[in-house]
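Per the UniProt record's numbering, residue 1 is the first one in the sequence shown, and the count goes up by one each step. Below is one structure, written out as structure tokens; comments come after it.
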Amino acid sequence: MPGRTIRLPLVRTGNIYILPGVPKALILLFPLFLKDAERVPLAKFQMDELFLKSDEVSITPVLNKAVEKFRDKVKFGSYPDLENNYFRVRLVLEAGNKSDVEKAKSFLLDNLPTDSIAKFDRHPLENAWEKLNSAVGKEPHVIDAIKVIEEAITKYSLKCICIGFSGGKDCTVILHILYAVLEKMYGKEMPKVHCFYMKRDTAWPEITAFIERTASMYGLDLHVISGSDYKVAMKQYLDIHTTVQAFILGNRSTDPSGGSLGHFTSIPYCSLYDQGFSSIGDNDSPNDALMYLNEKGVKRFKPAYLLENGLLERCSRK
Numbered sequence: 001m002p003g004r005t006i007r008l009p010l011v012r013t014g015n016i017y018i019l020p021g022v023p024k025a026l027i028l029l030f031p032l033f034l035k036d037a038e039r040v041p042l043a044k045f046q047m048d049e050l051f052l053k054s055d056e057v058s059i060t061p062v063l064n065k066a067v068e069k070f071r072d073k074v075k076f077g078s079y080p081d082l083e084n085n086y087f088r089v090r091l092v093l094e095a096g097n098k099s100d101v102e103k104a105k106s107f108l109l110d111n112l113p114t115d116s117i118a119k120f121d122r123h124p125l126e127n128a129w130e131k132l133n134s135a136v137g138k139e140p141h142v143i144d145a146i147k148v149i150e151e152a153i154t155k156y157s158l159k160c161i162c163i164g165f166s167g168g169k170d171c172t173v174i175l176h177i178l179y180a181v182l183e184k185m186y187g188k189e190m191p192k193v194h195c196f197y198m199k200r201d202t203a204w205p206e207i208t209a210f211i212e213r214t215a216s217m218y219g220l221d222l223h224v225i226s227g228s229d230y231k232v233a234m235k236q237y238l239d240i241h242t243t244v245q246a247f248i249l250g251n252r253s254t255d256p257s258g259g260s261l262g263h264f265t266s267i268p269y270c271s272l273y274d275q276g277f278s279s280i281g282d283n284d285s286p287n288d289a290l291m292y293l294n295e296k297g298v299k300r301f302k303p304a305y306l307l308e309n310g311l312l313e314r315c316s317r318k
């Protein structure tokens with residue numbers, strides 16, 4: 001009714017507000033809510049996380065003990081991830097103070113199997129050059145790769161260079177090294193890099209999806225050409241990109257063998273490598289050298305990085 005004053009309550013308990021569901025009432029009350037929220041000190045939480053290679057079921061007994069031991073002090077969250085290359089479960093620890101989080105994390109590290117803890121880098125592109133140097137900066141093959149990339153950029157300039165990317169492990173590694181070099185040279189303002197991918201009609205959908213994600217992640221200027229002849233497809237690419245004078249490609253090396261190298265950073269790679277594929281051409285299949293029988297006698301395949309003999313890498317190619 002005109003001239004009638006309606007009192008609207010603003011209900012708060014701790015840092016939780018209860019607002020009316022009626023739109024007009026909400027609009028009228030919102031300025032008061034903002035004013036009150038600005039003067040209420042925000043509750044600060046400390047958080048940490050662990051990444052585990054084990055599945056959620058196998059860690060449940062230890063997790064239950066941790067929940068019981070730190071009851072009312074630490075909140076635990078368990079989040080399975082079926083698509084990550086490096087871990088299967090993400091554990092989140094949250095508390096009102098840092099000490100409780102550290103104690104809970106120490107308890108988990110002391111009670112979980114050592115080989116179940118994954119060293120995962122959530123942001124592999126941050127400080128990429130520093131991480132590369134810290135991990136494998138003294139390896140001869142990495143030093144050589146960096147020199148080749150730097151010489152190519154000096155000779156041709158970046159706008160005249162294209163990286164060939166097929167989603168394979170070799171070109172994934174060289175792409176990351178290129179990114180690290182560019183980070184050193186340009187910082188966060190690095191320009192886009194030309195990228196060429198020849199897509200076959202028989203290409204695995206996982207490869208295509210991975211290439212698209214990677215191009216977005218690294219900020220590549222991706223150009224896809226459908227075809228079956230790499231030389232012909234490359235000529236088509238050069239007819240369009242007339243300024244390109246040099247291609248950067250990743251090549252395999254048996255010295256040192258792939259089996260003697262560890263992961264130097266958690267860069268994403270094509271999921272087929274975790275399904276027994278040691279090579280991902282359009283006529284490849286899971287590698288029998290990676291095959292094993294599980295406890296039920298069912299045939300399974302180990303991930304490609306567990307292939308012991310590098311000479312068998314392409315033995316599954318038809």
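Beta carbons are placed, not taken as given, at the ideal position from N, Cα and C, and that holds for glycine. All values derive from a computational prediction rather than experimental measurement.
Local Cβ density within 10 Å of I143, reported as buried at 16 or more and exposed below that: Here residue 143 refers to the residue found at position 143 of the sequence shown. Exposed is the call here.
Beta-carbon proximity of V74 to L93, cut-off 8 Å: On the sequence shown, position 74 is the one that residue 74 refers to. On the sequence shown, position 93 is the one that residue 93 refers to. Contact flag set, yes.
Extent of the continuous beta strand (DSSP E) run through F301: To locate residue 301, count along the sequence shown from 1; it is residue 301. 299-301 is the span of the beta strand (DSSP E), which, as asked, contains F301.
Coil, strand or helix - K235 by DSSP: Numbered from its first residue, the sequence shown carries residue 235 at position 235. Note: K235 maps to helix in three-state DSSP.
Pair within 8 Å by beta-carbon distance, Y86 and F120: Residue numbering aside, residue 86 sits at position 86 when the sequence shown is read from its first letter. Residue numbering aside, residue 120 sits at position 120 when the sequence shown is read from its first letter. Yes, they are a contact pair.
Endpoints, beta strand (DSSP E) assigned at A246: Taking the first residue of the sequence shown as position 1, residue 246 is located at position 246. Here the beta strand (DSSP E) through A246 covers 246-248.
Residues sharing a beta bridge with C195, DSSP: On the sequence shown, residue 195 is found 195 positions in, with the first residue counted as 1. C195 pairs with I163, L222.
Beta-carbon proximity check, D81 vs R90, cutoff 8 Å: Taking the sequence shown and counting its residues from 1, one reaches residue 81 at position 81. Taking the sequence shown and counting its residues from 1, one reaches residue 90 at position 90. Yes.
Expected contact under 8 Å - CB spacing of C160 and A246 to nearest Å: For the purposes of this step, residue 160 is taken as residue 160 along the sequence shown, with counting starting at 1. For the purposes of this step, residue 246 is taken as residue 246 along the sequence shown, with counting starting at 1. The Cβ separation is near 7 Å, so the contact holds.
Nonlocal neighbours in the same chain, by C-beta distance under 7 Å from G297, ignoring five residues either side: Residue numbering aside, residue 297 sits at position 297 when the sequence shown is read from its first letter. No residues qualify anywhere along the chain.
Bridge-paired residues (DSSP) for F51: Taking the sequence shown and counting its residues from 1, one reaches residue 51 at position 51. Looking at the DSSP assignment, F51 forms a beta bridge with R90.
Beta-carbon proximity of C195 to L249, cut-off 8 Å: For this step, residue 195 is matched to residue 195 along the sequence shown. For this step, residue 249 is matched to residue 249 along the sequence shown. No, they are not a contact pair.
Within 8 Å, strictly: CB atoms of Q46 and K98: Numbered from 1 along the sequence shown, position 46 holds the residue referred to as residue 46. Numbered from 1 along the sequence shown, position 98 holds the residue referred to as residue 98. Yes, the Cβ-Cβ distance between Q46 and K98 is below 8 Å.
Beta-carbon separation (whole angstroms), I225 vs A233, contact threshold 8 Å: Locating residue 225 in the sequence shown gives position 225, counting from the first residue. Locating residue 233 in the sequence shown gives position 233, counting from the first residue. Going by Cβ atoms, the distance from I225 to A233 rounds to 5 Å, so yes, they are a contact pair.
Buried or exposed by the 16-neighbour rule on C-beta atoms within 10 Å, applied to A118: The count along the sequence shown starts at 1 and reaches residue 118 at position 118. Its Cβ being crowded by 16 or more others within 10 Å, A118 is buried.
Limits of the alpha helix (DSSP H) - the one that V11 falls within: For this step, residue 11 is matched to residue 11 along the sequence shown. Element bounds for V11: not the alpha helix (DSSP H) but the beta strand (DSSP E), 11-13.
Inter-residue Cα distance where the pair is I207 and E83: Start at 1 with the first residue of the sequence shown, and residue 207 comes out as number 207. Start at 1 with the first residue of the sequence shown, and residue 83 comes out as number 83. Cα to Cα, I207 sits roughly 14 Å from E83.
Reduced DSSP category for A203 - H, G, I as helix; E, B as strand; rest coil: As a working note, residue 203 is residue 203 in the sequence shown. If DSSP states are grouped into helix, strand and coil, A203 belongs with coil.
Three-state class that DSSP yields for L261 in the structure shown: Counted from its first residue, the sequence shown places residue 261 at position 261. Reliability of the predicted coordinates at L261 is poor, the pLDDT of 40 falling under 50, and no value is obtained from them.
Pair within 8 Å by beta-carbon distance, N111 and V181: For the purposes of this step, residue 111 is taken as residue 111 along the sequence shown, with counting starting at 1. For the purposes of this step, residue 181 is taken as residue 181 along the sequence shown, with counting starting at 1. Their beta carbons are not under 8 Å apart, which means N111 does not touch V181 by this criterion.
Beta-carbon gap between E56 and A128 smaller than 8 Å: Residue mapping note: residue 56 aligns to position 56 of the sequence shown, counting from 1. Residue mapping note: residue 128 aligns to position 128 of the sequence shown, counting from 1. Contact flag unset, no.
Selected residue, minimal CA-CA separation from L132, among Y186, V173, K65, G164: Stepping through the sequence shown from its first residue, residue 132 is reached at position 132. Comparing Cα positions, the closest option is V173.
Buried versus exposed call for A209 [16 or more other C-beta atoms within 10 Å across all chains shown]: Along the sequence shown, one-based indexing puts residue 209 at 209. Classification of A209: exposed, given that the 10 Å Cβ count is below 16.
Start and end residues, alpha helix (DSSP H) containing Y186: As a position in the sequence shown, residue 186 is number 186, starting the count at 1. 169-186 is the span of the alpha helix (DSSP H), which, as asked, contains Y186.
Other residues of its chain near A37: CB distance less than 8 Å, five sequence neighbours each side excluded: For the purposes of this step, residue 37 is taken as residue 37 along the sequence shown, with counting starting at 1. If we look at A37 and ignore the five residues flanking it on each side, its Cβ neighbours are Y17.
Contacts around D201, its chain only, beta-carbon distance under 6 Å, and the 5 residues preceding and following it disregarded: Indexing the sequence shown from 1 puts residue 201 at position 201. Correct list: empty, nothing qualifies.
Start-end ranges of the alpha helix (DSSP H) lying completely within the stretch 110-141, minimum 4 residues: 128-136
For L29 and L109, the rounded distance between their alpha carbons: To locate residue 109, count along the sequence shown from 1; it is residue 109. To locate residue 29, count along the sequence shown from 1; it is residue 29. Looking at the two C-alpha atoms, the distance is approximately 48 Å.
I211 classed as buried or exposed, judged by whether at least 16 other C-beta atoms fall within 10 angstroms: Numbered from 1 along the sequence shown, position 211 holds the residue referred to as residue 211. With 16 or more Cβ atoms within 10 Å of its Cβ, I211 is classed as buried.
When A25, E126, A152, N294 are compared against K188, the one with the closest alpha-carbon: On the sequence shown, position 188 is the one that residue 188 refers to. The candidate whose alpha carbon is nearest that of K188 is E126.
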